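Below: the structure, in structure tokens.
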Amino acid sequence: MAEGGAIPDVSQAAVTGRGAPPRAARRAGLLVTLVLGGLTATPPLAMDMYLPSLPEVTDALHAPATTVQLTLTACLAGMALGQLLVGPMSDRWGRRRPLLAGLAVYVVATALCALAPTVELLVAFRLAQGLAGAAGIVIARAMVRDLYDGVAMARFFSTLMLISGVAPVVAPLIGGQILRVTDWRGVFVVLTAVGIALTGVVAARLPETLPPAERHSGGVGEALRSMRRLLADPPFTGYLLTGGFAFAALFAYIAASPFVIQEIYGASPQTFSLLFGVNSVGLVVVGQINGKVLVGRVRLDRVLAAGLVVVTLAATALLLMATGVFGEVGLVPVSVALFVLMSAMGVTLPNAQSLALLRVRHSAGSASALLGTTSFAIGAVASPLVGVAGEDTAVPMAVVQLVAAVVALAFFVGMCRPWKDTGAAAEGPAKELSGLSARTTPEVGEDS
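Structure representation (structure tokens):
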């Protein structure tokens, strides 16, 4: 790092990919940081800006709520599959070319969403949008790994996590305001414009961070072999599934809340956007408390356990309210329970992923792709279930959230076994960041 803690811009050698300096000299300038943040924020923008318009889409395309919710499932499934495909491509051909190709397809798919005449075509275009949008998720993370190591990498990831946490706060608010002046198709027009602008900045200013000497031709086969070794480690798989099912509870909220808040409790799109934003603020604030206060002071296993318990209790309260155990309840109690559930995700999701990644060192790229793909895949399966009883009841949403939370807790207890201390000690930045002074972390997923 530069003297005095300054972070110089990535050199021209890194831009061209010829004669790139070692990692210690390849640091992200402000513009690169903002672009990587934009790439990280694109998927939540594509997902959440569209949420307030879901009820309108059901009317405009004369489709049932369950079918319209498949537009969310398709996008999420595309992001899940796309991460597995784009990650190995970027290792083989560098970061810029796959990223630019993905952004170009994303722009075209988003524009087609705005023109979709039927819900079936909208589902297909959203699948393509998710597949292409996965390039931003995977490659932004890979570029950070190209530029940083250890504590510096973790801090940069925290910055990206803050940006991706703010995006869901802003996106529904923007979507709600767009609906004041246009219909749901206008939301996709705005997303198309954002995609075009981001593609232009990436093409003009984002450097290549993986020099040719560091690329490999292993491709998908090598990545799959590494993932198989990772899955053979029970604690890693436990954290993987814990985070995946916790994400399913979160996505059940994302898929169902537009109908629950607007159709059942009569809130306007703007009120829904405001409530969604407040819940996202809760997630971001708790996540920052986790990163700045808890990490290094409290064992992550304990924080994760507390988060899972709170999510389970909040989902239980939502189910009791939805089934009428407390009589007829209004929007305020339901909103409070959703706020608690969302806020608890601020310690549940990042800690599950961190604990999984702390078990690997040389296969962190494959582990990251596996974590992302699993979370998106489980979320994609869970999202249609929230609409099985129609859009006039919140019971399916609460049931999916409670089942997902209980399953996540079961995997955490049954496979991670946080009370046990086995294996070789965690070293260096991993130990510093985890706060696992009593917990030990063997290396898994390393090539033989």
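If you're matching positions, the sequence shown starts at -16 in the working numbering and goes up one per residue. Cβ atoms here follow ideal geometry from the backbone N, Cα and C, with glycine treated the same way. Small disclaimer: the values here were computed from a predicted structure and weren't measured.
Tell me the DSSP secondary structure of residue i in three-state form.
i: E246; result: helix
i: P5; result: Summary for P5: the model assigns pLDDT 44, below 50, so the residue's position carries little reliability, and this model does not support an answer.
i: S240; result: helix
i: D216; result: coil
i: F309; result: coil
i: P401; result: coil
i: L257; result: helix
i: E410; result: In this prediction, E410 has a pLDDT of 38, which is less than 50 and means its spatial position is unreliable; what the coordinates show is noted afterwards. It is coil, neither helix nor strand.
i: D166; result: coil
i: A232; result: helix
i: V278; result: coil
i: R433; result: Nothing about residue 433 can be read from this structure; the chain reaches only from -16 to 431.
i: R438; result: Since the displayed the chain opens at -16 and closes at 431, residue 438 lies outside it and no answer follows.
i: L193; result: coil
i: Y222; result: helix
i: L44; result: coil
i: T376; result: coil
i: S251; result: coil
i: M325; result: helix
i: L188; result: Sequence inspection shows Arg at residue 188; the Leu mentioned does not correspond to that position. Note: R188 maps to helix in three-state DSSP.
i: M32; result: coil
i: V389; result: helix
i: L416; result: Residue confidence is low: L416 scores 46 on pLDDT, short of 50, so the model does not pin down where it sits. No coordinate-derived value is stated.
Using 10 angstroms around the beta-carbon of residue i, count the other beta-carbons present and answer buried if the total reaches 16, otherwise exposed.
i: L287; result: buried
i: G290; result: buried
i: T306; result: exposed
i: P4; result: Reliability fails at P4, whose pLDDT of 42 lies under 50, so the model's placement of it is uncertain and the value that follows must be treated cautiously. That one is exposed.
i: E311; result: exposed
i: S326; result: buried
i: A300; result: buried
i: T101; result: exposed
i: F309; result: exposed
i: V433; result: The structure shown does not extend to residue 433, since the chain is modelled only from -16 to 431, so the question has no answer here.
i: R188; result: exposed
i: A57; result: buried
i: S251; result: exposed
i: G77; result: buried
i: L13; result: exposed
i: R280; result: exposed
i: E191; result: buried
i: G21; result: buried
Task: Meets three-Cβ-pair contact criterion under 8 Å: the segment 60 to 75 and the segment 149 to 167 - done: These segments do not touch.
- [ ] Identify every run of the alpha helix (DSSP H) within the segment 58 to 129, keeping only runs that are complete inside it and at least 4 residues long; order them along the chain.
- [x] Entirely contained in the segment 58 to 129, the alpha helix (DSSP H) runs reaching 4 residues are, in chain order, 79 to 98.
- [ ] Count the CB pairs spanning the segment 176 to 183 and the segment 72 to 86 that are closer than 8 Å, and state whether there are at least three.
- [x] They touch, by the three-pair rule.
- [ ] May I ask you to verify whether the segment 233 to 245 touches the segment 29 to 37, counting CB pairs closer than 8 Å and requiring at least 3?
- [x] Per the Cβ contact rule, the segment 233 to 245 is in contact with the segment 29 to 37 (3 or more Cβ pairs under 8 Å).
Open item on the list: Does the contact criterion of 3 or more C-beta pairs under 8 Å hold for the segment 65 to 78 versus the segment 104 to 123?
Closed with: Three or more beta-carbon pairs separated by less than 8 Å link the segment 65 to 78 to the segment 104 to 123, which places the two stretches in contact.
Task: 4 or more residues per run - each alpha helix (DSSP H) lying fully within the segment 335 to 369 - done: Listed in chain order, they are 347 to 365.
Task: Inter-stretch contact (C-beta, 8 Å, three-pair minimum) for the segment 210 to 228 and the segment 102 to 119 - done: The segment 210 to 228 makes no contact with the segment 102 to 119: fewer than 3 CB pairs, one atom from each, lie closer than 8 Å.
Open item on the list: Measuring CB atoms only, is the segment 316 to 335 touching the segment 270 to 281, in the sense that at least three cross pairs come out at less than 8 Å?
Closed with: Enough Cβ pairs lie closer than 8 Å, so yes.
- [ ] Would you check if the segment 379 to 398 and the segment 219 to 238 touch, i.e. whether three or more CB-CB distances between them fall below 8 Å?
- [x] With a cut-off of 8 Å on Cβ pairs, the segment 219 to 238 is in contact with the segment 379 to 398, counting three or more such pairs.
Task: Given 8 Å, three or more beta-carbon pairs between the segment 357 to 367 and the segment 226 to 233 - done: Segment contact: the segment 357 to 367 against the segment 226 to 233, three or more CB-CB distances shorter than 8 Å; contact assigned.
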